[in-house]
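Student: Under the numbering used here, the first residue of the sequence shown is numbered 1, with each subsequent residue one higher.
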Amino acid sequence: ALQGLPKLRHCGQFRFAVALQKAQDLNDPVTVTAYVSGNLPARFQRTEEEFRALLQEFRAAADGNVEFTFVDPNENDEKAKEARQAGVRPIAVNVRQQNQMTQKRVFLGAVFQYQDQREVLPFVEPGSSLEYKIASALRKLTRDKKSVLGLLQGHGEPKLSAMTQLREALKGRYDIQTVSGVDTAGVPPKVDVLLVARPKNELSPQAALAIDQYVMRGGPVIFALNRAQANMRFGQARPMTTGLESLLDTYGLPIKPDLVRDRNATAIRVQQRRGGFNVMNRVRYPYVPKISDFSSHPISDGINRAVFQFVSSLDTTRADTTAQVTVLARSSSQSALASLPTNIRP
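1) Do residue 251 and residue 323 have their C-beta atoms closer together than 9 Å?
2) Quick check: the stretch 281-293 against the stretch 305-314, are there 3 or more CB pairs under 8 Å?
3) What whole-angstrom Cβ distance do residue 260 and residue 335 have, given they're in contact under 8 Å?
4) Go through its chain and collect everything with a Cβ distance to residue 345's Cβ below 7 Å, but skip five positions before and after it.
5) Rounded to a whole number of angstroms, what is the C-alpha to C-alpha distance between residue 3 and residue 272?
6) What does residue 269 pair with, by DSSP beta-bridge criteria?
7) Under three-state DSSP, which class holds residue 110?
8) Distance, Cα to Cα, residue 246 vs residue 106?
9) Any chance you could list the alpha helix (DSSP H) runs of at least 4 consecutive residues sitting entirely within the stretch 109-169, in chain order?
10) I need the straight-line Cα distance from residue 113 to residue 124, nearest angstrom please.
11) Would you list the residues sitting across from residue 340 in a DSSP beta bridge?
12) In whole angstroms, what separates the C-alpha of residue 81 from that of residue 109?
13) Which residue marks the beginning of the beta strand (DSSP E) containing residue 176, and which one marks its end?
14) Between residue 14 and residue 66, what straight-line distance do the alpha-carbon atoms span, to the nearest angstrom?
15) Between the alpha carbons of residue 213 and residue 248, how many angstroms are there, rounded?
16) What residues match up with residue 374 in a beta bridge as DSSP calls it?
17) Quick check: the stretch 175-186 against the stretch 222-229, are there 3 or more CB pairs under 8 Å?
18) When you compare the CB positions of residue 265 and residue 340, do they come within less than 9 Å of one another, or not?
19) Give the straight-line distance between the Cα atoms of residue 1 and residue 127, rounded to the nearest whole angstrom.
20) For residue 7, collect the residues of the same chain with a Cβ closer than 6 Å to its Cβ; drop the 5 residues on either side in sequence, then sort them by chain order.
21) Near residue 284, what residues of its chain come up, given a Cβ to Cβ distance below 6 Å and the 5 sequence neighbours on each side ignored?
22) Let me know if residue 331 comes out buried or exposed under the rule of 16 or more other beta-carbons within 10 Å of its beta-carbon.
23) What is the rounded straight-line gap between the Cα of residue 310 and the Cα of residue 221?
24) Which two residues bound the contiguous alpha helix (DSSP H) that contains residue 184?
25) Could you please give the first and the last residue of the uninterrupted alpha helix (DSSP H) stretch that includes residue 239?
26) Pop quiz: residue 187 and residue 194 are said to be a contact at Cβ under 8 Å. What is the actual Cβ separation, rounded to whole angstroms?
27) Is DSSP giving residue 82 helix, strand or coil here?
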């Protein structure tokens with residue numbers, strides 16, 4: 001993980017340099033409102049100082065066409081309410097005062113506005129790439145057109161209408177379009193990124209080839225695949241194929257036909273028999289692990305926790321030596337693998 005940090009920082013610095021160049025061509029001012037608590041603990045204070053320095057550099061590059069102000073939401077309830085309504089969220093931090101541990105509410109986020117567009121940094125984690133965050137915010141605000149996210153359809157994937165969280169998260173940033181018939185027509189050139197999300201039916205070799213050709217043209221693909229077919233009613237999970245196994249094997253990143261079990265898991269409600277009565281109890285269910293080990297890569301930066309249902313393992317040991325593999329999330333040290341088929345009763 002440590003070897004990846006210089007590359008990440010270099011990536012952030014490069015993007016920030018590009019953003020500084022773009023700032024010279026702004027037609028209207030960019031307004032930045034930073035909501036930052038006063039008297040920050042040391043590790044947060046360093047982040048605030050870096051944030052101020054980068055904004056000053058940004059303003060200088062834009063010939064003053066950038067305006068920024070810092071607001072302390074802890075001064076009064078009105079400013080705290082303003083920060084929350086803007087989308088900046090506080091976290092509770094343990095601090096030592098007069099030999100006692102107390103909790104302090106810390107705001108450290110910002111709102112970027114350009115013309116009628118706005119981008120929010122809800123909270124800036126210490127150690128994260130601020131250059132990257134600022135550059136990304138500017139790029140999203142000033143781009144001429146939205147990037148196209150292609151949602152693969154035709155193989156039992158969830159419909160776009162069912163992906164409420166995805167649509168909400170990408171609203172205003174991406175033009176989400178469905179992509180079907182790739183086995184005959186290929187992936188359209190207008191697609192900037194392709195999402196292959198949980199196909200229930202096996203893709204044909206022609207469809208897999210079309211996706212591979214898209215990758216060879218430099219197109220990025222997100223594979224969100226299931227290798228286990230779980231049936232809670234019958235308490236069984238069986239292996240399933242997607243038609244993309246050979247393709248992922250070629251990339252050296254196969255998804256294994258197994259299930260991750262983790263003691264660090266989500267609690268679910270289960271009906272149990274007690275003394276002649278059926279009662280509902282909450283029990284930790286190892287096949288729905290809670291993931292809290294995320295890398296500092298921009299894709300996963302800022303994610304504190306996520307829940308994965310019936311997730312399979314990814315084998316990174318077979319990746320080509322020329323490929324750069326970054327693990328974004330890991331299960332806990334208390335996890336193990338269950339081969340399929342397996343009993344999944346709580």
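For glycine and all other residues, C-beta sits at the position ideal for the given N, C-alpha and C.
Tutor: Let me lay it out:
1) Start at 1 with the first residue of the sequence shown, and residue 251 comes out as number 251. Start at 1 with the first residue of the sequence shown, and residue 323 comes out as number 323. Contact: yes.
2) Touching, yes.
3) Taking the first residue of the sequence shown as position 1, residue 260 is located at position 260. Taking the first residue of the sequence shown as position 1, residue 335 is located at position 335. Rounded to the nearest angstrom, the Cβ distance from residue 260 to residue 335 is 6 Å, consistent with a contact under 8 Å.
4) Position 345 of the sequence shown, counted from the start, is the residue given in the question as residue 345. Once the five neighbours on either side are set aside, the close Cβ partners of residue 345 are 235.
5) Locating residue 3 in the sequence shown gives position 3, where the first residue counts as 1. Locating residue 272 in the sequence shown gives position 272, where the first residue counts as 1. Note that residue 3 scores a pLDDT of 30, beneath 50, so its modelled location is shaky and nothing firm can be said.
6) As a working mapping, residue 269 is identified with position 269 in the sequence shown. In DSSP, residue 269 forms a bridge with 282.
7) Translated into the one-based positions of the sequence shown, residue 110 becomes position 110. Of the three classes helix, strand and coil, the one that applies to residue 110 here is strand, per DSSP.
8) Here residue 246 refers to the residue found at position 246 of the sequence shown. Here residue 106 refers to the residue found at position 106 of the sequence shown. Using only the alpha carbons, I get a separation of about 48 Å.
9) Counting only runs of 4 or more, we get 130-142.
10) Counted from its first residue, the sequence shown places residue 113 at position 113. Counted from its first residue, the sequence shown places residue 124 at position 124. Roughly 17 Å between the two C-alpha positions.
11) On the sequence shown, position 340 is the one that residue 340 refers to. Paired residue(s): none; residue 340 is not in a bridge.
12) On the sequence shown, position 81 is the one that residue 81 refers to. On the sequence shown, position 109 is the one that residue 109 refers to. Whole-angstrom Cα-Cα distance: 14 Å.
13) The count along the sequence shown starts at 1 and reaches residue 176 at position 176. Element bounds for residue 176: 174-179.
14) In the sequence shown, residue 14 corresponds to position 14, counting from 1. In the sequence shown, residue 66 corresponds to position 66, counting from 1. Low confidence applies to residue 14: its pLDDT is 49, below 50, so where it sits in the model is not reliable, and the reading given next is rough at best. Inter-residue distance for residue 14 and residue 66 is about 20 Å (C-alpha atoms, whole angstroms).
15) If you number the sequence shown from 1, residue 213 lands on position 213. If you number the sequence shown from 1, residue 248 lands on position 248. Distance between the alpha carbons of residue 213 and residue 248 is about 13 Å.
16) Given a span of 1 to 346 for the chain in the structure shown, any question on residue 374 remains unanswerable.
17) Contact between the stretch 175-186 and the stretch 222-229 is absent, because fewer than three Cβ pairs lie under 8 Å.
18) Locating residue 265 in the sequence shown gives position 265, counting from the first residue. Locating residue 340 in the sequence shown gives position 340, counting from the first residue. In this structure, residue 340 does not lie closer than 9 Å to residue 265 by Cβ.
19) Indexing the sequence shown from 1 puts residue 1 at position 1. Indexing the sequence shown from 1 puts residue 127 at position 127. Any reading at residue 1 must be qualified, since the residue scores a pLDDT of 26, below 50, and its modelled position is unreliable; no value is offered.
20) The residue you call residue 7 lines up with position 7 of the sequence shown. At residue 7, the pLDDT of 34 sits below 50, so the modelled position is not reliable; the number obtained from the coordinates is stated separately. Hits under 6 Å: none found.
21) Mapped onto the sequence shown, residue 284 falls at position 284. Closer than 6 Å at the Cβ level, and outside the excluded window around residue 284, lie 265 and 267.
22) Here residue 331 corresponds to residue number 331 of the sequence shown, with the count starting at 1. Answer is buried; the Cβ neighbour count reaches 16.
23) The residue labelled residue 310 in the question sits at position 310 within the sequence shown. The residue labelled residue 221 in the question sits at position 221 within the sequence shown. Rounded to whole angstroms, the gap between the alpha carbons of residue 310 and residue 221 is 22 Å.
24) Walking along the sequence shown from the start, residue 184 turns up at place 184. Taken as a continuous stretch (DSSP letters only), the alpha helix (DSSP H) holding residue 184 covers 182-185.
25) For the purposes of this step, residue 239 is identified with residue 239 of the sequence shown, where counting begins at 1. If you look at residue 239, you'll find it isn't in any alpha helix (DSSP H); it sits in the beta strand (DSSP E) that goes 236-239.
26) Translated into positions along the sequence shown, residue 187 becomes position 187. Translated into positions along the sequence shown, residue 194 becomes position 194. Contact between residue 187 and residue 194 is confirmed by a C-beta separation of about 6 Å, below the 8 Å threshold.
27) Counting from one through the sequence shown, the residue named residue 82 turns up at place 82. Here residue 82 sits in helix by DSSP.
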